[in-house]
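Enquirer: This structure is in structure tokens; I'll ask about it shortly.
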Ligand code: F1P
């Protein structure tokens, strides 16, 4: 995170310099919509990025799995800025989506880890996330850094458009706090290891979150599946009542991601619905949740940055669940560092 922030922020003007973006102020003002494409964890950071861009730059934004986009003959719109996300920069579905966009004349930026990779070469410009060459098969550091890169990009677009200086300063101060807060979360590893042992024998795990909590829930469920092979589902919390509540029972615990936003009351109601069905709850929140069986408490930051911080204890939970079940976390089955087919 230090690496992705380094040298990019100017505190005096609450601005961000993103060398390589290749998008001048006039072009940035002309963007009417942002569409983010990626696969797996990269798609999930795209969901975080889209929320940040809507919140901080007030540009309508969404994310879609690149693997779907490339097959559906998408309408390509000249006022949309397309952004491809990839740790490896070689994922074939994402590369194919970029090539399809380029064929149709779109402008495509990349948010990529590996310098000089295929996606970095094909895109018109972009941001490197500096997660290092030693990234593992499942995306963890890169997930976090990509989310930070999206916060910088959203700030940059926001300052060119209509973000107030005060909001810019607030978010920048929050970003500056992240490295120390992440270290604090990591210091809680022993507690998370105990929780992983307690939940490792679950029949299945449910992950829920609303708005900022939802991409985190999705990513945490993917991490658990990838490395521990425990079945997991992720839902936007309000979707639970549209069917999935039927799955809740003591053997199917729920991980609830609870940012401290104005949805906290609604989120508490979700916990009650789960408890009413004898479901166990592990909450990730900024303070102990009385309705939950356990709470992992993470430090408070600006609420827009909650998805960045709240994902980290759940990466650790997946890691320790995998270890508790005797899985080889460095060689997860059926997963390659980059999926090139
Ligand atoms: C995309 C991805 C990763 C996943 C695994 C397989 O990779 O789905 O999110 O953890 O590595 O590939 P990338 O495009 O971000 O390199």
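Residue numbers (our numbering): 75 to 415.
Virtual Cβ for every residue (Gly too), placed ideally from N, Cα, C.
Predicted, not measured: the structure shown is a model, and the values here were computed from it.
1. What do you reckon, is the C-beta of residue 388 under 7 Å from a heavy atom of ligand 1?
2. At which residues does the beta strand (DSSP E) containing residue 107 begin and terminate?
3. Which word fits residue 260, buried or exposed, when buried means at least 16 other C-beta atoms lie within 10 angstroms of its C-beta?
4. Give the C-beta separation of residue 392 and residue 297 to the nearest angstrom, bearing in mind that I take them to be a contact with Cβ-Cβ under 8 Å.
5. Flag this pair as touching only if the stretch 83-103 and the stretch 224-239 have three or more C-beta atom pairs under 8 Å; answer yes or no.
6. Between the stretch 107-126 and the stretch 213-223, do three or more beta carbon pairs fall short of 8 Å?
7. Can you name, in chain order, every residue of its own chain whose Cβ lies under 7 Å from the Cβ of residue 244, other than the five neighbours on each side?
8. State the start and end residues of the unbroken beta strand (DSSP E) segment that holds residue 87.
9. Between the stretch 356-376 and the stretch 326-336, do at least 3 Cβ pairs fall closer than 8 Å?
10. I'd like the list of long-range same chain contacts for residue 380, defined as Cβ closer than 6 Å, with 5 residues on each side in sequence excluded.
11. Which class does residue 282 belong to by DSSP, given the choice of helix, strand or coil?
12. Roughly how many angstroms lie between the CA atoms of residue 153 and residue 105, to the nearest whole one?
13. Take the Cβ of residue 326 as the centre, count every other Cβ of all protein chains shown within 10 Å, and call the residue buried at 16 or more, exposed below.
14. Here's the rule I'm using: 16 or more other beta-carbon atoms within 10 Å means buried, otherwise exposed. How should residue 273 be labelled?
15. For residue 403, tell me which candidate among 236, 146, 389 has the shortest Cα-Cα distance.
16. In whole angstroms, what separates the C-alpha of residue 163 from that of residue 212?
17. Who pairs with residue 359 in a beta bridge, going by DSSP?
18. Go to residue 309, then tell me how far its beta strand (DSSP E) extends in each direction, as first and last residue.
19. Pull up the CB-CB distance for residue 135 and residue 108, whole angstroms please, since I reckon it's below 8 Å.
20. From residue 344 to residue 288, what does the alpha carbon distance come to, in whole angstroms?
21. Starting from the C-beta of residue 91, find all residues in its chain whose C-beta is less than 6 Å away, skip the five residues before and the five after it, and write them out in chain order.
22. In its own chain, which residues sit with a C-beta less than 7 Å from the C-beta of residue 139, not counting the 5 before and 5 after it?
23. With 8 Å set as the bound, which would you pick, yes or no: does the beta-carbon of residue 356 sit closer than that to a beta-carbon of chain C?
24. Can you tell which of 408, 267, 246, 316 has its C-alpha closest to the C-alpha of residue 130?
25. Kindly indicate which three-state DSSP category residue 165 falls into: helix, strand or coil?
Expert: On the basis of the data shown:
1. Your numbering for residue 388 matches position 314 in the chain shown. Result no, Cβ not under 7 Å from ligand 1.
2. Residue 107 sits at position 33 when you count from the first residue of the chain shown. Segment 107-112, the beta strand (DSSP E) holding residue 107.
3. By 1-based counting over the chain shown, the position of residue 260 is 186. Flag for residue 260 reads exposed.
4. Within the chain shown, the letter at position 318 stands for residue 392. Within the chain shown, the letter at position 223 stands for residue 297. 4 Å between Cβ atoms; contact.
5. yes
6. yes
7. Locating residue 244 in the chain shown gives position 170, where the first residue counts as 1. Hits under 7 Å: 376.
8. As a position in the chain shown, residue 87 is number 13, starting the count at 1. First-last for residue 87: undefined, no H or E at that position.
9. yes
10. For the purposes of this step, residue 380 is taken as the residue at position 306 of the chain shown. Counting only Cβ-Cβ distances below 6 Å, and skipping sequence neighbours, we find 286, 333.
11. For the purposes of this step, residue 282 is identified with residue 208 of the chain shown, where counting begins at 1. Here residue 282 sits in strand by DSSP.
12. On the chain shown, residue 153 is found 79 positions in, with the first residue counted as 1. On the chain shown, residue 105 is found 31 positions in, with the first residue counted as 1. When rounded, the distance between both Cα atoms is 5 Å.
13. Stepping through the chain shown from its first residue, residue 326 is reached at position 252. Buried: at least 16 other Cβ atoms inside 10 Å.
14. By one-based count along the chain shown, residue 273 stands at place 199. Classification of residue 273: buried, given that the 10 Å Cβ count is 16 or more.
15. As a first step, residue 403 must be located in the chain shown, where it is residue number 329. Comparing Cα positions, the closest option is 389.
16. Start at 1 with the first residue of the chain shown, and residue 163 comes out as number 89. Start at 1 with the first residue of the chain shown, and residue 212 comes out as number 138. Distance between the alpha carbons of residue 163 and residue 212 is about 14 Å.
17. Numbered from 1 along the chain shown, position 285 holds the residue referred to as residue 359. Paired residue(s): 332, 371.
18. Translated into the one-based positions of the chain shown, residue 309 becomes position 235. From DSSP, the beta strand (DSSP E) with residue 309 extends over 306-310.
19. For this step, residue 135 is matched to residue 61 along the chain shown. For this step, residue 108 is matched to residue 34 along the chain shown. Confirmed, Cβ separation roughly 4 Å.
20. Within the chain shown, residue 344 is the residue found at index 270, counting from 1. Within the chain shown, residue 288 is the residue found at index 214, counting from 1. C-alpha separation (whole angstroms): 13 Å.
21. Locating residue 91 in the chain shown gives position 17, where the first residue counts as 1. Only 82 meet the Cβ criterion.
22. Position 65 of the chain shown, counted from the start, is the residue given in the question as residue 139. Within the same chain, residue 139 has close Cβ partners 113, 117.
23. Judged by its chain identifiers, the structure shown contains no chain C, having just a single protein chain.
24. Translated into the one-based positions of the chain shown, residue 130 becomes position 56. When only C-alpha atoms are compared, the closest one is 246.
25. Against the chain shown, residue 165 aligns to sequence position 91. In this structure, residue 165 counts as coil in the three-state DSSP scheme.
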